[in-house]
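Residue numbers (the UniProt record's numbering): 1 to 135. Note that the Cβ used here is the ideal one computed from N, Cα and C, for glycine as well. Predicted model, so just to flag it, every value in this text is computed and none were measured. Take a look at the structure set out below.
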Amino acid sequence: MGVRKRERAEQIKEAKQQVAFAKLNNCPTSPRKMRLVADLVRGEKVEKALHILKFSKKEASNRLEKLLLSAIANWQAKNEDANIEEAELFVKEIRVDGGTMLKRLRPAPQGRAHRIRKRSNHVTLVLGANNNTQS
Numbered sequence: 001m002g003v004r005k006r007e008r009a010e011q012i013k014e015a016k017q018q019v020a021f022a023k024l025n026n027c028p029t030s031p032r033k034m035r036l037v038a039d040l041v042r043g044e045k046v047e048k049a050l051h052i053l054k055f056s057k058k059e060a061s062n063r064l065e066k067l068l069l070s071a072i073a074n075w076q077a078k079n080e081d082a083n084i085e086e087a088e089l090f091v092k093e094i095r096v097d098g099g100t101m102l103k104r105l106r107p108a109p110q111g112r113a114h115r116i117r118k119r120s121n122h123v124t125l126v127l128g129a130n131n132n133t134q135s
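What follows is the structure, given as C-alpha cells:
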C-alpha cells in the first residue's frame, strides 16, 4: 500500500472514531408519526435529546429514546478512553425511511372491501462528537 493511501486510510479511521450509529428496523409505527418525533431531536445535544424524548407524550419517543441510548453505548464501545461529557455528543443525523407494509382487508358495505395498510419504518441515528482539541 502506498504512503498516500495509508495516510488517507488513517484519516478515515480517525473520522469514524468520532461517529457512532444505531439502526432500528421494521418498527411498527408509521413513518409520518415517527418523523414528528425525530424532527424534535435532530441536531440537539445528547442530554437535551434524551430529556425531550423522555417527556414527550408520543409513543414513538419511547422507541427513539431506546435507540439513542444504544447509539451512545456504541460510541462508548468505540471510544473506551474518552469521556462523554467532554466529547459533547450530538444527534448528527436521524433518518426515518418507510419499511414493509402489511396489507389487510377490511369489510365495507354492499359486499366491497377496503384495503388497510399497516405501515412500518426504519430509523437510522448517527451521533457525532464535537471534540475541540485545537490549540
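For Pro31, the enclosing alpha helix (DSSP H) starts and ends at Pro31 to Val41. Scanning Arg115, Ala108 and Gly98 for the CA closest to the CA of Asn25 turns up Gly98. Segment contact: the stretch 28–45 against the stretch 72–80, fewer than three CB-CB distances shorter than 8 Å; contact not assigned. For Arg115, the closest C-alpha among the options Val123, Leu125, Met101 and Leu127 is that of Met101. DSSP, read as helix, strand or coil, puts Lys13 in helix. Look at Glu93 here: in three-state DSSP terms it is strand. In the DSSP secondary-structure assignment, Thr124 is bridged to Lys23 and Arg95.
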